[in-house]
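S.K.: Sequence order for the protein chains is A and B. Residues 1 to 71 in this note's numbering are what the first sequence lists, from first letter to last. Residues 1 to 148 in this note's numbering are what the second sequence lists, from first letter to last. Note that CB positions come from ideal geometry on N, CA and C, so glycine has one too. Before I ask anything, let me first share the structure, which is written out below as structure tokens.
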Amino acid sequence: MFGRLSHLAIDSRDVPPSISDSAALRAHLGDQWPELNDLKVKMAVNRTLVHGIVPIGEDDEVAFLPPMSGG
Amino acid sequence: MIRVFEAPFDPAEALATFIAGAGEGAVVSFVGIVRGEGGVETLTLDHYPGFTEAEIMRVVGALIARHGLSAATVIHRYGTMRPGEPIMFAATAAPHRRAAMRALDELIDRLKTGAPFWKKERRAGSDHWLEASDADRADAKRWVASDG
Numbered sequence: 001m002f003g004r005l006s007h008l009a010i011d012s013r014d015v016p017p018s019i020s021d022s023a024a025l026r027a028h029l030g031d032q033w034p035e036l037n038d039l040k041v042k043m044a045v046n047r048t049l050v051h052g053i054v055p056i057g058e059d060d061e062v063a064f065l066p067p068m069s070g071g
Numbered sequence: 001m002i003r004v005f006e007a008p009f010d011p012a013e014a015l016a017t018f019i020a021g022a023g024e025g026a027v028v029s030f031v032g033i034v035r036g037e038g039g040v041e042t043l044t045l046d047h048y049p050g051f052t053e054a055e056i057m058r059v060v061g062a063l064i065a066r067h068g069l070s071a072a073t074v075i076h077r078y079g080t081m082r083p084g085e086p087i088m089f090a091a092t093a094a095p096h097r098r099a100a101m102r103a104l105d106e107l108i109d110r111l112k113t114g115a116p117f118w119k120k121e122r123r124a125g126s127d128h129w130l131e132a133s134d135a136d137r138a139d140a141k142r143w144v145a146s147d148g
């Protein structure tokens, strides 16, 4: 978690194994952390930005990226 | 070469190193220095290790190809800085000056909006997260027509 989302303490052990794609993960976590439902928050899976919906497994690294400030 | 690190750096040394490997023609460089306007006490940058470098490399790689650059570099700090400290160094080299100048102008505009950093300003003892400014977005859009 980065920027203004860095206070979120998301534990991957709390994600049920039935979650198998990026949209389902966002919906699941968005119930607990409404900030993640903001469409300006992008997702990256294994350090690649997600466009559309991609499959997610337990070994994947997922990041939620709030709007970037630039360099 | 892309480097993202926390420690202070010397832009003059970065420029000398770049020139030594740049080849003949033209070298153009840019140094970004933290601004203290509006009572900014510190600026803190958060980044996503691995991802931030890869995104900057993607932008630089496209510019090298499009402008026919012989070399390009970006050095960017993260962590907490004070006004007056160098935060970023970028340089381009090309056989002729116009390509190097135009590529650097585009590189800076793209990094100002697209580089994956999250900035936090401390003013009067409290922290504020920033987003890319409308002016920076307008500058980046100057180059959209040349995408693809």
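How many Å lie between B:A115 and A:P17 at the Cα?
M.R.: For B:A115 and A:P17, the distance between alpha carbons rounds to 33 Å.
S.K.: Mind pulling the chain B residues with CB within less than 9 Å of A:A63?
M.R.: Chain B residues near A:A63: Y48 and F51.
S.K.: Could you check if A:T48 is buried or exposed, using at least 16 other CB atoms within 10 Å of its CB as the buried criterion?
M.R.: It is exposed - the Cβ of A:T48 has fewer than 16 other Cβ atoms within 10 Å.
S.K.: Near A:V41, which residues of its chain fall below 6 Å by C-beta distance, leaving aside the five closest residues on each side in sequence?
M.R.: F64 and P66, listed in sequence order.
S.K.: Just the Cα atoms here: how many angstroms apart are A:S69 and B:D46?
M.R.: Their Cα atoms are separated by approximately 10 Å.
S.K.: Here's the rule I'm using: 16 or more other beta-carbon atoms within 10 Å means buried, otherwise exposed. How should A:H51 be labelled?
M.R.: Counting Cβ neighbours within 10 Å, A:H51 comes out exposed, since fewer than 16 surround it.
S.K.: How many angstroms separate the CA atom of A:N37 from the CA atom of A:G3?
M.R.: Using only the alpha carbons, I get a separation of about 16 Å.
S.K.: For the alpha helix (DSSP H) containing B:D149, name the first residue and the last one.
M.R.: Here chain B has residues from 1 to 148 only, and residue 149 of chain B is not among them.
S.K.: Determine, using beta carbons only, whether B:A22 and B:A93 come nearer to each other than 7 Å.
M.R.: A contact, by the Cβ cut-off of 7 Å.
S.K.: With a cut-off of 7 Å, does the C-beta of B:W118 fall near any C-beta of chain A?
M.R.: Yes - at least one Cβ of chain A is within 7 Å of the one on B:W118.
S.K.: For B:G114, which of helix, strand or coil comes out of DSSP?
M.R.: Correct three-state label for B:G114: helix.
S.K.: Could you tell me whether the Cβ of B:L107 comes closer than 7 Å to any Cβ of chain A?
M.R.: Judged by the 7 Å Cβ criterion, B:L107 is not in contact with chain A.
S.K.: Starting from the Cα of B:A140, find the closest Cα among B:G79, B:A12 and B:A103 and give me that residue.
M.R.: B:A140 has its Cα closest to that of B:A103, out of B:G79, B:A12 and B:A103.
S.K.: Closest Cβ-Cβ distance between B:L130 and chain A: below 7 Å?
M.R.: Interface residue, yes.
S.K.: Does the contact criterion of 3 or more C-beta pairs under 8 Å hold for the stretch 8-17 of chain B versus the stretch 20-30 of chain A?
M.R.: Contact between the stretch 8-17 of chain B and the stretch 20-30 of chain A is absent, because fewer than three Cβ pairs lie under 8 Å.
S.K.: State yes or no: is the C-beta of B:H67 within less than 7 Å of the C-beta of B:A20?
M.R.: Not in contact: B:H67 and B:A20 (Cβ atoms no closer than 7 Å).
S.K.: Does A:S69 have its Cβ less than 7 Å from a Cβ in chain B?
M.R.: Yes, A:S69 counts as interfacial toward chain B.
S.K.: Rounded to the nearest angstrom, how far is the Cβ of B:V31 from that of B:P11, given a contact under 8 Å?
M.R.: At roughly 4 Å, the Cβ-Cβ gap stays under 8 Å, so B:V31 and B:P11 are in contact.
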